[in-house]
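Student: Have a look at this one before I ask anything.
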Amino acid sequence: MDSADFDTENEPQETIHSELPQNVSDNVEQDSDDDEIQMSSREVLESLQRAWINEKFAPDVLPYEEALVEMVMLQLVHMEENLASANKNDLLYIVHRMEVDRIRYIVASYLRCRLQKIETYAAHILDADAVRQSRSKRLSDAERKFATDYHESVENHFYQLVVRHMPQNHQDDERIRRVVPNVDAHVFARARKDLGEYSLGGELI
């Protein structure tokens, strides 16, 4: 489930077609452990849109797409520089400005969705991430710090407000009152390529 390509019927139908300015390379590089993968600006934006949709509809937090976010933010910087010197009365300027705003919305929504999950399931996410190998961790460094600080603040607030007034044998029940994501919740999945026959729950699809 963690790596499934989640999708819904509400998925935006349009595809991001924003391009870099002409004075910027049409290709950006994404570092890999084995080699360097060349990705066009369109492919980067499509990948981020897919990550955004997956994150939005997955019950648990998914691995943070740090490389994609950084590349898109770099593209936005170049696009803003290009727009700064453009004629603001030109129709193309208006179209490109709307596209920049749309991309910014996707990035912001992606990050906001992750923060919402972290706030809801902070203790669970921190514990689960702590036992993962470094390459498999799902939070960025900034998200991990936020989750830790947020969890400590909430626990301290609960302790001062309620827990310290409870009997001693009930003061250590943090795991019992912990909120965890429902990983058995239904999701919509879409195959991105032909997989042939696939067994799902004992049934072939």
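Numbering-wise (UniProt numbering), the sequence shown opens with residue 1 and increments by one. Note that CB positions come from ideal geometry on N, CA and C, so glycine has one too. For clarity, every value in this text was computed on a predicted model and none was experimentally measured.
Would you give the residue range spanned by the alpha helix (DSSP H) that M79 belongs to?
Tutor: Position 79 of the sequence shown, counted from the start, is the residue given in the question as residue 79. Element bounds for M79: 66-84.
Student: Select from P167, L62, A123 the residue whose C-alpha is nearest the C-alpha of D149.
Tutor: Along the sequence shown, one-based indexing puts residue 149 at 149. Closest by alpha carbon: A123.
Student: To the nearest angstrom, report how far apart residue 251 and V162 are at their CA atoms.
Tutor: The question about residue 251 has no answer, for the chain in this structure spans 1 to 205.
Student: At the level of alpha carbons, what is the spacing between K56 and I94?
Tutor: By one-based count along the sequence shown, residue 56 stands at place 56. By one-based count along the sequence shown, residue 94 stands at place 94. Going from the Cα of K56 to the Cα of I94 covers about 29 Å.
Student: Spatial neighbours of E143 within its chain, please: CB distance less than 8 Å, with the 5 preceding and 5 following residues excluded, ordered by chain position.
Tutor: Counted from its first residue, the sequence shown places residue 143 at position 143. Around E143: Y64, R114, L115, I118.
Student: How about A58 and V179: do their beta carbons lie closer than 8 Å?
Tutor: Indexing the sequence shown from 1 puts residue 58 at position 58. Indexing the sequence shown from 1 puts residue 179 at position 179. In this structure, V179 does not lie closer than 8 Å to A58 by Cβ.
Student: Check the C-beta distance from E197 over to S140 and give it rounded, since I have them as a contact under 8 Å.
Tutor: Against the sequence shown, residue 197 aligns to sequence position 197. Against the sequence shown, residue 140 aligns to sequence position 140. E197 to S140, Cβ: 38 Å. No contact.
Student: Return the chain-ordered list of same chain residues with a C-beta closer than 6 Å to the C-beta of M79, the five sequence neighbours on each side being excluded.
Tutor: Translated into the one-based positions of the sequence shown, residue 79 becomes position 79. Answer for M79: V100, listed in chain order.
Student: Can Y110 and A51 be called in contact, C-beta distance under 8 Å?
Tutor: Along the sequence shown, read from residue 1 onward, the residue named residue 110 stands at position 110. Along the sequence shown, read from residue 1 onward, the residue named residue 51 stands at position 51. Result yes, Cβ atoms of Y110 and A51 sit closer than 8 Å.
Student: From what residue to what residue does the alpha helix (DSSP H) around N156 run?
Tutor: Your numbering for residue 156 matches position 156 in the sequence shown. That run of the alpha helix (DSSP H) goes 141-161.
Student: Alpha helix (DSSP H) containing D129: first to last residue?
Tutor: Within the sequence shown, numbered from 1, the residue matching residue 129 stands at position 129. It spans 122-130 - the alpha helix (DSSP H) in which D129 sits, taken as one unbroken run.
Student: Let's test the definition: count the other Cβ atoms within 10 Å of the Cβ of V61 and tell me whether it reaches 16, buried, or not, exposed.
Tutor: Along the sequence shown, read from residue 1 onward, the residue named residue 61 stands at position 61. Looking at its Cβ environment, which holds 16 or more other Cβ atoms inside 10 Å, V61 is buried.
Student: Between the Cα of A147 and those of A128, A86, L92, Q49, spot the shortest distance and give me the residue it belongs to.
Tutor: In the sequence shown, counting from the first residue as 1, residue 147 sits at position 147. Residue A128 is the option with its Cα nearest to A147.
Student: Could you check if S136 is buried or exposed, using at least 16 other CB atoms within 10 Å of its CB as the buried criterion?
Tutor: Numbered from 1 along the sequence shown, position 136 holds the residue referred to as residue 136. The residue is exposed, with fewer than 16 neighbouring Cβ atoms inside 10 Å.
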